[in-house]
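In UniProt numbering, the protein residues as written are 1 to 587.
No residue lacks a Cβ here, since even glycine has one placed at the ideal position from N, Cα and C.
Here is the structure we will look at, set down as structure tokens.
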Amino acid sequence: MRLVAFDSCRQLEADLKRAAKAGVGPYGFPGNEILPANASVRGARTMADAAEAQAPPPGPAHSGTNNHEQDADEPDIVKTDGRRIVTVDQGALRVVDAATRRQTGKLDLPLQTVGGPVELLLSGDVALVLVPGGVRRYVTDRKMPVEAGPQVLSVDLTGAPRLVSRYEGEGTVVDARLTGTTARVVLRAAPRITFPDKGDDDNDRIEANRKAIDRADVAAWLPSWQVTTGADTERGRTDCGRVSRPTDFSAASLVSVLTFDLTRPELGSGDPVTVVADGDTVYATGTSLYLASDQRWRLDRFRGRAAMPVRQETDLYRFTLTGNQPPAYAAAGKVPGFLINQYALSEWDGHLRVATTSSAATTSSAATTSSAVRVLRQQGGELVQTGVVEGLGKGEQIYSVRFIGPRGYVVTFRQTDPLYSVDLSDPAKPEVTGELKITGYSAHLQPAGDGRLIGVGQEADGNGRTRGTQVSLFDVSDPARPRRLAQHHIPGGQSEAEWDPHALLWWPATKLLVVPVSAYSFDGGTTTDGALALRVGEAGVTRVATLKQPAIRRSLVIGDVLWTLSDGGLQASSLSTMERVAWLPNA
1 MRLVAFDSCR QLEADLKRAA KAGVGPYGFP GNEILPANAS VRGARTMADA AEAQAPPPGP
61 AHSGTNNHEQ DADEPDIVKT DGRRIVTVDQ GALRVVDAAT RRQTGKLDLP LQTVGGPVEL
121 LLSGDVALVL VPGGVRRYVT DRKMPVEAGP QVLSVDLTGA PRLVSRYEGE GTVVDARLTG
181 TTARVVLRAA PRITFPDKGD DDNDRIEANR KAIDRADVAA WLPSWQVTTG ADTERGRTDC
241 GRVSRPTDFS AASLVSVLTF DLTRPELGSG DPVTVVADGD TVYATGTSLY LASDQRWRLD
301 RFRGRAAMPV RQETDLYRFT LTGNQPPAYA AAGKVPGFLI NQYALSEWDG HLRVATTSSA
361 ATTSSAATTS SAVRVLRQQG GELVQTGVVE GLGKGEQIYS VRFIGPRGYV VTFRQTDPLY
421 SVDLSDPAKP EVTGELKITG YSAHLQPAGD GRLIGVGQEA DGNGRTRGTQ VSLFDVSDPA
481 RPRRLAQHHI PGGQSEAEWD PHALLWWPAT KLLVVPVSAY SFDGGTTTDG ALALRVGEAG
541 VTRVATLKQP AIRRSLVIGD VLWTLSDGGL QASSLSTMER VAWLPNA
């Protein structure tokens, strides 16, 4: 499989309509935004001119976002450079001075209804705020209200925070990465087609929807955008000649990678690189960006069945990253099965490692599932398999993956939790070298150095029923004999870190692990919110303190202070005693 350009707008329109008609269901495109064709994006407000971003002086030792790759920063709801803490929450960007523990600035963001969390990236004195876009909704000719599209906001932090430049597009934000001072933002846009909402049964509805697709203009697929900087507004639309497609595709959406140089005050068009794909997973290093696209979106969310046969495959596209230039397409390939998240991908020593779960059914049936780890290498314009190890967790699904250098660790689960140790040192002959079976599962695996691995997930009984959050310490120094050294169990607990690794803080300097936990007492019927501070030693896990603060979302270290962020505000605690030293409510 490879990417090719369309010969003309006419070919683009014909091919996209053919794919859309094959995938449309009785209620539109399952899992995608369906908006009226005549919907417009609300205009931007005027903003002040911006100066060149300048690198601020370095701050004290501090933690960063819990990223997958060290040289590819991921967006989150809080960022710090050691001098200040920048948060986005409840429609506002707030800046806190870490030394004085005071809020020094606040900017109300120009937001409408959004379909996910607002996040940011931080580069010098520039905060890049990512607004995901409107809530997905099914729209027919009954003309339901249209929600706003995605926005990218450039905020100057040299003084009081101020909005400098604003990009508005169509669709939703998939993900973003920051390498150096260059941000790449991935957007996905479904065609803007009004469906008639007519027909007595599903077949009649599908036929009516296909006719609506035939009537649509090619502009329904090509995302429009506008950028406002100061009093100037520039508008445009993706050109047919800038759109590429796989040689074998059935996607209904367009995915665009935008590039923004954060040393410049204006955002510009982002110089989009656009692919016909239903991409939903982004993985990046400092030099590569991968887009993964699978067919699970074709499962009709209204009916629970496939709108068309679902391919048990994931398409992969590799782009190279150089300086502040747009990504350059390099290669494409496909693997059987589906990814759990970006941690199922890892580039190392010129190879891409991919962990997937496959099923013989269109919905997850544990009796037919199994998992595999494949190794791919770029040959010309293709990602070609060099080796594979199959048969992991038969009847189970992958719950977490972590690749560390030449080794991989895969957790599958149904009733028990096998932790597989995989040797990937020979790309042609990957092999499972060890397996550990325990109850429960790890939803995230965190490297802890010295042959140690931390697992955060759920404890479970012998029948697979979950029993609350558990933190496990694994010894993986012997590839043939992975062992669990210690376990800390919170009965009835749940943690955001189980599905979002950004919620987890691992501070290697003091071996401190901070996990946000919400625990429900079945006896007393009460809920306890806070964060658990644990010390991870050579052979055990010790509770240091329970930080009391409702609904803690994130934790970070600056100097000798542990900061915890909740929807209510920021709390500062002594890193040595865990006693609270300051509370900054959201104002």
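Closer than 6 Å by C-beta to residue i: which residues in its own chain qualify, once you throw out the five before and the five after it? Chain order, please.
i: D529; result: S518, P550 and A551
i: A220; result: A37, P191, R192 and I193
i: S244; result: L3, A5 and V275
i: G559; result: P60
i: D108; result: A92
i: I404; result: P447
i: Y420; result: L392, V410, V432 and E435
How is residue i classed by DSSP in three states: helix, strand or coil?
i: L254; result: strand
i: L424; result: coil
i: A344; result: helix
i: A480; result: coil
i: R242; result: helix
i: E538; result: coil
i: A148; result: coil
i: E459; result: strand
i: H68; result: coil
i: A231; result: coil
i: T368; result: helix
i: A328; result: strand
i: E266; result: coil
i: P501; result: helix
i: E496; result: helix
i: V4; result: strand
i: A533; result: strand
i: A220; result: helix
Going straight from the alpha carbon of residue i to that of residue j, what length do you get?
i: S256; j: A127; result: 21 Å
i: D349; j: G180; result: 22 Å
i: E498; j: V218; result: 42 Å
i: P246; j: G82; result: 44 Å
i: V154; j: L505; result: A small fix is needed here, since residue 154 is Ser in this sequence, not Val. The straight-line gap from Cα to Cα measures roughly 27 Å.
i: V432; j: S425; result: 12 Å
i: V118; j: R553; result: 14 Å
i: I340; j: S400; result: 7 Å
i: P327; j: L584; result: 41 Å
i: A48; j: T281; result: The predicted model places A48 with a pLDDT of 34, which falls under 50 and marks its position as unreliable, so this point remains unresolved.
i: Q458; j: N203; result: 43 Å
i: R94; j: D156; result: 12 Å
i: E347; j: R353; result: 6 Å
i: V185; j: P132; result: 11 Å
i: R188; j: N324; result: 22 Å
i: A332; j: L383; result: 5 Å
i: A344; j: P406; result: 15 Å
i: A428; j: D450; result: 27 Å
i: M308; j: F338; result: Note that M308 has pLDDT 45, beneath the 50 cutoff, so the model's placement of it is unreliable and the number below is only indicative. The alpha-carbon atoms of M308 and F338 are separated by roughly 17 Å.
Assuming residue i and residue j are in contact, meaning their beta carbons sit under 8 Å apart, how far apart are those beta carbons, in whole angstroms?
i: L392; j: T412; result: 6 Å
i: D73; j: N66; result: Rounded, the Cβ-Cβ distance is 11 Å, inconsistent with contact.
i: L130; j: L120; result: 7 Å
i: A292; j: T320; result: A292 to T320, Cβ: 17 Å. No contact.
i: S370; j: L267; result: Not really, about 45 Å apart at Cβ, beyond 8 Å.
i: V96; j: L570; result: 6 Å
i: P26; j: I213; result: Contact doesn't hold; Cβ gap of about 14 Å is too wide.
i: G434; j: A480; result: 5 Å
i: T80; j: T182; result: That belief does not hold up - the Cβ atoms of T80 and T182 are roughly 20 Å apart, past 8 Å.
i: A582; j: G540; result: About 32 Å separates the two Cβ atoms, so there is no contact after all.
i: D342; j: Y409; result: Here residue 342 is Gln; the residue named in the question, Asp, does not match the sequence. Their Cβ separation, rounded to whole angstroms, is 15 Å, which puts Q342 and Y409 out of contact at 8 Å.
With respect to the beta strand (DSSP E) encompassing residue i, which residues constitute its N-terminal and C-terminal limits?
i: L473; result: T466 to D475
i: K21; result: Here K21 belongs to no beta strand (DSSP E); instead the alpha helix (DSSP H) covers C9 to G23.
i: E579; result: From DSSP, E579 is part of no beta strand (DSSP E); its letter is neither H nor E.
i: K429; result: That residue, K429, is in no beta strand (DSSP E); it is neither H nor E in DSSP.
i: A509; result: Note, A509: premise wrong, no beta strand (DSSP E); not H, not E.
i: Y283; result: G279 to A284
i: R101; result: That residue, R101, is in no beta strand (DSSP E); it is neither H nor E in DSSP.
i: F413; result: R407 to F413
i: Q446; result: Y441 to P447
If I measure Cβ to Cβ from residue i and keep anything under 7 Å in the same chain, skipping five residues before and after, which residues do I get?
i: V536; result: A448, I454, L473, K511 and L513
i: R242; result: P272 and T274
i: S63; result: L505, W507, L556 and V557
i: S566; result: Q549, P550, A551, I552 and R553
From what residue to what residue does the alpha helix (DSSP H) around residue i run?
i: R210; result: D202 to R215
Tell me which residues share the same chain as residue i and place their Cβ nearer than 8 Å to its Cβ, disregarding the 5 neighbours each side in the sequence.
i: E579; result: S573
i: S8; result: C240
Can you find a C-beta in chain D that's less than 9 Å from the C-beta of residue i?
i: A533; result: Among the chains in the structure shown there is no chain D, since it carries only a single protein chain.
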